[in-house]
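First comes the structure, then the notes that go with it.
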Amino acid sequence: MAQNSAFTGLKFRTAGSNAPQYSPIATLGSTLLLVDIAPKFEQVKNGDGKFERTDKIISYVYSVVCVERKFEKVSIKIDEQRPLFNTEKEDIPEGTIVAFENLTITPYVQNGWIQLSSKADKCFVCKEE
């Protein structure tokens, strides 16, 4: 039986969840170029049941380009108090290659399409040799 290459990086969690989890390196490649960092604000339910954004930042979303995967853009959520770069005061240095600590990629279905949810504990700049 031929193996579908889209599932070569598929791994299953054994503890906690039965949801499949993708191998980050097999899915994204090993070279990730940082292109943006955006704050994610807390959402609270107001009186009429709709959600309203507050001024409280609860996490940051790092947008990276997967150099080895035809420059596919991926967003990775990190729960942290301060971002790697303050993009309101400074630009991200050109050519910043990053890596993530405890990066997990989990598939889910939305409107009949498979999507990927990505989150990590920390982002750090890879040192050039």
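The sequence shown: position 4 = 9 (the numbering used here), numbered continuously.
Note that CB positions come from ideal geometry on N, CA and C, so glycine has one too.
- Shown here, Ile-30 sits in a helix according to DSSP, grouped into three states.
- The beta carbon of Asn-51 is closer than 8 Å to those of Glu-57 in its chain, skipping five residues each way along the sequence.
- When beta bridges are read from the DSSP output, Cys-128 appears opposite Phe-105.
- Within the same chain, and ignoring the five residues on either side of Ile-97 in sequence, the residues whose Cβ sits closer than 8 Å to its Cβ are Leu-39, Val-40, Asp-41, Ile-42 and Phe-90.
- The shortest C-alpha to C-alpha distance from Leu-33 to any of Val-79, Trp-118 and Gln-115 is the one to Val-79.
- Of Ala-31, Ile-30, Leu-108 and Glu-73, the smallest CA-CA separation from Lys-124 is found for Leu-108.
- In this structure, the alpha-carbon of Lys-55 lies about 10 Å from that of Gln-48.
- In the three-state scheme derived from DSSP, where H, G and I count as helix and E and B as strand, Glu-47 is classed as strand.
- Here Tyr-113 is exposed, its C-beta having fewer than 16 other C-beta atoms within 10 Å.
- Counting C-beta atoms within 10 angstroms of its own C-beta, Cys-128 has 16 or more neighbours from the protein chains shown and is therefore classed as buried.
- Going by DSSP, Ser-35 is part of no beta strand (DSSP E) at all; its letter is neither H nor E.
- Look at Gln-120 here: in three-state DSSP terms it is strand.
- About 7 Å separates the CB atoms of Ile-81 and Val-69; that is less than 8 Å, so the two are in contact.
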